[in-house]
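Residue 253 in full-length UniProt numbering sits at position 253 of the sequence shown; the count goes up by one each step and never skips.
Just so you know, even glycine gets a beta-carbon here, dropped at the ideal spot from N, CA and C.
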Amino acid sequence: ASPCWRHIGSQGHLIFVMHLKNIFACTDTENGWTPWSEWTHCSVSCGRGGQQRGRSCNGISSTCSGPSVQTRSCIMVKCDRKMRSDGSWGHWSPWSACSVSCGEGSMTRVRLCDSPPPQKGAEGAAGRRGRASPAPNNCVQVIAGGWSGWSESSLCSHSCGGGLSSRHRACSDPAPAHGGRTCAGDSVDYEACNTQPCPIDVCLQSKPCFPGVSCTSHPDGSWECGLCPLGLKGNGTHCEDENECEVEGVCVTACVNTDPGYYCLPCPRRYKGTQPFGLGWEEASTNKQICEPHNPCKDNTHSCHKFAECIYLGLVSELLFKCVCSVGFAGDGFLCAEDSDLDGWPNQRLPCKLNATYHCQQDNCPAIPNSGQEDWDKDGLGDACDRDDDNDEIFDERDNCPLVYNPRQFDSDLDGVGDRCDNCPFESNPLQTDTNDDGEGDACSLDIDGDEVLNDRDNCPFIYNTDQRDTDLDGVGDQCDNCPLLHNPLQDGIQNSLDNCPYVSNSNQADQDQDGLGDACDHDDDDDGVPDDRDNCRLVPNRTRGTSTVRSDGSGDVCFDDFDNDSIPNAFDVCPLNHEIGFTDFRKFQVVLLDPKGTTQSDPLWLIRSQGTELLQTANSDPGIALGFHRFSAVDFSVTFYVNTDRDDDYAGVVFAYQSSKRFYVVMWKQVSQAYWEKRPSKAFGTMGLSIKLVNSTTGPGEYLRNALWHTGNTRNQVKTLWHDSNKIGWKHFTAYRIHLIHRPKTGFIRVVVYEGKEILSDSGAVYDHTLAGGRLGLFVFSQEQVLFSDMRYESYPDVNSLLS
C-alpha cells in the first residue's frame with residue numbers, strides 16, 4: 001500500500017468520493033439540514049489529532065446554508081519521538097450528503113493517516129485510503145404541497161337574521177409528498193350572508209293549525225297547515241271527528257264511533273270472527289268485521305270421542321253440534337266403547353255425564369242385536385238371548401206366547417198365537433195386525449182404522465179417512481187409491497189429483513198449515529201473512545212479530561231450536577222441517593206382499609220390538625215388505641242386519657223411495673248364488689252379494705215380479721239392476737252388519753255402505769238414477785227366515801242454510 005501521506009489533500013484529509021445512482025430523502029430539520037452525527041474517535045493515539053462530524057442537506061425543500069462537515073482538535077498522550085514508527089489510519093468520517101437530489105450521485109467520507117502518523121521516515125499505513133458506496137434507498141422526488149382553487153360558496157346557513165356561507169380549498173395541487181412542505185394558510189373561508197332581519201314566524205307566534213297538525217312558515221310571512229290527524233277531517237286549521245261507522249258494512253255487529261276512531265262490538269254469540277278498530281274511513285273500508293258461524297266440527301274445538309263423528313247442527317239449534325259414535329262403537333258420542341252386535345249399546349257400561357242411560361248402559365245381550373234392550377222377566381238377560389222370556393218353563397221357540405206366562409199354551413183359533421196374547425183369540429190371525437193400535441186385531445175389528453166408519457162401508461178400511469172422499473168414484477177412497485193410470489210427471493209417487501204440489505216434486509207431502517197446499521209450493525207455509533222468503537220462522541206463525549224479532553243467527557225467537565214446532569229440539573228431530581216426523585217409527589207399518597197368490601212359501605211374519613226401531617221377520621216367506629208410513633224426499637237410513645239362524649241362504653234388505661207395489665228401489669243381499677226353483681215365467685238366477693235394483697213393474701205383485709226380483713240382472717218391464725257388488729260377498733249367519741243408505745232424489749244420488757263390525761265390507765260408491773223422486777222406507781225379505789232389522793234410524797236433514805231461508 002502507498003504511504004498515506006502521499007494521499008493527503010490540501011486540507012490534510014483523505015477524501016473518498018463514492019458515485020451514487022440513488023439518494024436518500026432528506027428530513028426537513030434546521031433549514032433543511034439533518035442533525036449532526038456523533039464525533040469520530042480522535043485521529044491519533046498520541047499527540048494532537050482531530051475529530052469530525054457531518055450532516056446532510058435536503059436541497060429541494062431548503063437552501064441549507066453552512067458546512068456539512070465540522071472538525072475539532074483532540075490531544076492524546078505525548079508521542080515518543082525517539083523511535084521510528086509507521087503511520088496508521090484513523091477512523092472514517094460520516095458519509096456526506098448525496099451530491100444530487102435524484103438520479104446518480106455520490107456520497108463521500110474521509111480518514112487520516114494519523115493514528116499514529118509515521119515517524120522518523122517510517123512507512124505510511126497500508127490499506128485503502130477511502131471508501132465509496134451507492135446510496136442505500138431508491139431515489140424519490142420530494143414534492144412541496146400547493147393549494148387548489150376555491151370551491152363555490154355554500155348556501156347561507158340562515159334565510160334571515162345573519163348567517164354564514166363557506167368555501168373550501170385543498171392542499172392538493174400538488175399534494176405534498178416524500179417529506180415536502182404542506183400548504184400555508186386556511187383551507188376554509190367564511191363570509192357573512194342574509195343579514196336582513198327575519199320576518200315574524202306565524203307558526204311559532206300564533207299557532208294557527210289544529211293541535212297535532214304540522215305548520216309550515218314561508219319567507220314571505222305566509223304559512224300552511226298539514227293534514228288533519230287520522231280519524232279527523234277538516235282543512236288543517238279546524239278538524240272534527242270522522243265517523244267511521246258511516247262506512248257501509250264496517251261492522252257485522254254494532255259500530256261504536258269514538259273521537260277519534262271507531263271499534264266494532266264482538267261477534268254475536270255462537271259466531272267467531274274479528275273485532276276491528278282503527279282510525280279513519282280508509283281503515284274502516286279495508287278492515288271490515290267478519291263474523292262466521294262457530295262450527296266446532298270444522299275447527300276441531302268439539303268434545304266428541306275419538307271414535308265418534310262430530311255433526312254440525314247449525315245456529316238454529318241450541319246445540320251447535322252432536323256427537324255420534326262410529327259404526328262398531330256405542331255410547332253418547334262423548335264416550336264410546338265397542339259394540340259387537342251393532343245395536344247401539346256398548347259391550348261395557350260407560351260413565352256418561354249427561355243423560356247417562358242413553359246408550360251408555362251395558363248391552364244385556366252383546367252377541368245378538370236388540371236395540372230395545374227388552375228384558376221381560378227382568379233377569380238382566382235380554383229377551384233376544386233369553387231362551388225363556390216369560391219364565392213359564394217353555395222355551396220361546398215352542399212358546400205360543402213367549403212374552404206372556406202361559407204354561408198351558410191354550411190356542412182356541414189354532415193360529416199359533418196363544419189365547420193369552422192373541423188380539424183376536426177366536427179369529428185366526430197369525431200376523432196379529434192391529435192397524436189402529438187399539439189392542440183389537442184387524443181380523444176381529446169392525447172398524448180396522450178407527451175412523452168411526454165401519455169396515456163394510458169404509459172405502460179405505462185400513463186408512464183413517466172420515467171424509468170418505470172418492471174423486472174418481474171407483475169405490476176406493478182417495479186416501480188409499482193410488483190410481484196409477486193418472487198423470488204423475490214428477491215421479492214423486494203422488495198422482496196429480498191427490499198431490500198437494502202437482503207441479504213441484506214433494507214425496508213427503510208436508511203441509512205445515514194444513515191448507516191443502518204443500519210446503520214445497522206454498523209461499524206462506526205457516527199462513528201467518530208473512531211470505532216465506534221474509535219469514536224468520538217459516539213453519540211457525542208469528543204474525544205479530546213478523547220479521548222484527550230476529551236472533552243473531554237469523555231465526556225468530558218462536559222457532560229457535562224447534563224449527564217445525566213439533567216440541568222436539570232440532571238436534572234430536574229426525575226431520576226438522578216436517579212436524580209430522582219427529583223420530584224413527586215402525587210401530588205401524590204396511591205389509592206389502594209381492595207374490596200374494598203364490599203358494600210356494602208363506603207370507604212374511606213381522607214382529608215389532610224396541611218401540612218400532614226393531615223388526616224381526618220369522619218366516620221362510622214369499623217376497624214381501626214391511627213398509628213404514630213416513631214419506632221422504634232426501635233421506636239417510638241405517639239399520640243393523642242380522643240373520644239369527646243357520647237355515648237358508650236367500651235374500652233380505654231394505655226398500656226406499658217406495659211409491660207403489662210397482663215402483664220402488666230395493667237393496668237386496670244374497671248369501672250364495674243359486675237359481676230360483678220356479679223357472680217360469682222368466683229367468684231367475686240370483687248371484688251372491690249386494691245389489692241395488694229399480695223396480696218399475698208393469699204388472700205389479702205376482703210371479704213376474706217375483707222372478708225378476710230374484711234375478712241378478714235386468715228383466716224387461718219389471719226390474720233393472722243399478723249396481724251389483726263385483727266382490728260377490730254374501731252375508732253370514734249370526735253376524736251383525738250395519739247397512740247405511742243415502743238417497744238424494746234431486747240429483748239422483750244413491751249410495752249403500754255395509755259395515756262388518758268397524759270395517760267397510762261393501763260400498764256401492766255413487767250410483768245415479770232419477771226415476772223415482774222419493775217415497776216411503778221399508779224392510780225387504782225373500783225366502784229367508786229369522787231376519788232381524790235392529791236399531792233402525794232414518795233422518796231427513798236439510799242443508800243448515802235452508803232452515804234460515
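Chain-order list of residues whose beta-carbon lies under 6 angstroms from that of residue i (same chain, five-residue window excluded)
i: SER548; result: Bear in mind that the predicted position of SER548 carries a pLDDT of just 42, short of 50, making it too unreliable to give a figure here.
i: SER2; result: Because SER2 carries a pLDDT of 36, less than 50, the predicted location of this residue cannot be relied on, and the following value inherits that uncertainty. For SER2, where only same-chain residues beyond five positions count, there are no Cβ hits under 6 angstroms.
i: GLU756; result: TYR737
i: ASP573; result: GLY582
i: THR216; result: GLU224
i: GLY261; result: GLY231 and LEU279
i: ASN696; result: ARG663
i: THR27; result: Confidence at THR27 is low in this model, with a pLDDT of 40, below 50, so the placement of that residue should be treated as unreliable; the coordinate-derived value is given next. Result list for THR27: THR34, in chain order.
i: PHE789; result: LEU615, VAL639 and LEU779
Classification of residue i by the beta-carbon crowding that lies within 10 angstroms, buried from 16 upward
i: ILE750; result: buried
i: ILE581; result: buried
i: VAL787; result: buried
i: PRO276; result: buried
i: TRP669; result: buried
i: GLY333; result: buried
i: ARG538; result: buried
i: LEU204; result: exposed
i: GLY624; result: buried
i: ASN300; result: exposed
i: THR108; result: buried
i: PRO94; result: buried
Close-in-space but distant-in-sequence residues of the same chain around residue i (CB under 8 angstroms, 5 per side omitted)
i: ALA675; result: ALA684, PHE685 and GLY686
i: ARG545; result: Low local confidence applies: a pLDDT of 48 at ARG545 is under 50, so the model's placement there is unreliable, and no value is given.
i: SER682; result: TYR704, ASN707, ALA708, HIS711, THR715 and GLN718
i: CYS323; result: HIS302, SER303, CYS304, HIS305, ALA308, GLU309, CYS310, ILE311, ASP332, GLY333 and PHE334
i: GLU785; result: GLN617, THR618, ALA619, ASN620, SER621, THR645, ARG647 and ASP648
Contact set for residue i: own chain, Cβ-Cβ below 7 angstroms, skip 5 residues either direction
i: PHE307; result: CYS325, SER326, PHE329 and CYS336
i: ASP519; result: ALA510, ASP511, GLN512 and ASP525
i: ARG744; result: ALA634
i: ALA175; result: GLY145
Rounded separation between residue i and residue j - CA only
i: GLY163; j: GLY221; result: 19 angstroms
i: CYS183; j: GLY32; result: 17 angstroms
i: GLY236; j: GLY529; result: 56 angstroms
i: GLU318; j: GLY765; result: 34 angstroms
i: LYS378; j: ASN542; result: 49 angstroms
i: ASP341; j: ARG269; result: 41 angstroms
i: GLU338; j: GLN348; result: 8 angstroms
i: PRO576; j: PHE629; result: 17 angstroms
i: VAL504; j: ASP434; result: 35 angstroms
i: HIS711; j: THR698; result: 17 angstroms
i: GLU703; j: VAL635; result: 31 angstroms
i: ASP791; j: CYS255; result: 51 angstroms
i: ARG55; j: GLY90; result: 20 angstroms
i: VAL476; j: CYS501; result: 22 angstroms
i: GLY449; j: ILE463; result: Note on residue identity: the sequence assigns Asp, not Gly, to residue 449. Distance between the alpha carbons of ASP449 and ILE463: 6 angstroms.
i: GLY439; j: ASN423; result: 6 angstroms
i: TRP731; j: TYR271; result: 47 angstroms
i: VAL69; j: ARG53; result: 6 angstroms
i: THR34; j: PRO67; result: 12 angstroms
i: ALA657; j: VAL417; result: 34 angstroms
i: LEU446; j: GLU452; result: 9 angstroms
i: PRO116; j: TRP36; result: 26 angstroms
i: GLN141; j: CYS64; result: 18 angstroms
i: ASP388; j: ASP399; result: 8 angstroms
Whether residue i touches residue j by CB criterion (9 angstroms)
i: ASP383; j: ASP375; result: yes
i: GLY612; j: PHE641; result: no
i: VAL643; j: HIS733; result: yes
i: SER303; j: SER610; result: no
i: ILE143; j: ALA177; result: yes
i: PHE780; j: VAL655; result: yes
i: SER621; j: LEU607; result: no
Any C-beta of chain B under 9 angstroms from that of residue i
i: SER371; result: Here there is only one protein chain, and chain B is not present.
Check: Which ranges would you report for the beta strand (DSSP E) in the stretch 175-229 if only whole runs of at least 3 residues count?
Finding: For the stretch 175-229, whole beta strand (DSSP E) runs of length 3 or above, ordered along the chain, are 188-193, 215-217 and 223-225.
Of all the beta strand (DSSP E) runs that stay within the bounds of the stretch 223-269, which reach a length of 3 or more residues?
-> Counting only runs of 3 or more, we get 223-225, 232-234, 239-241, 255-257 and 262-264.
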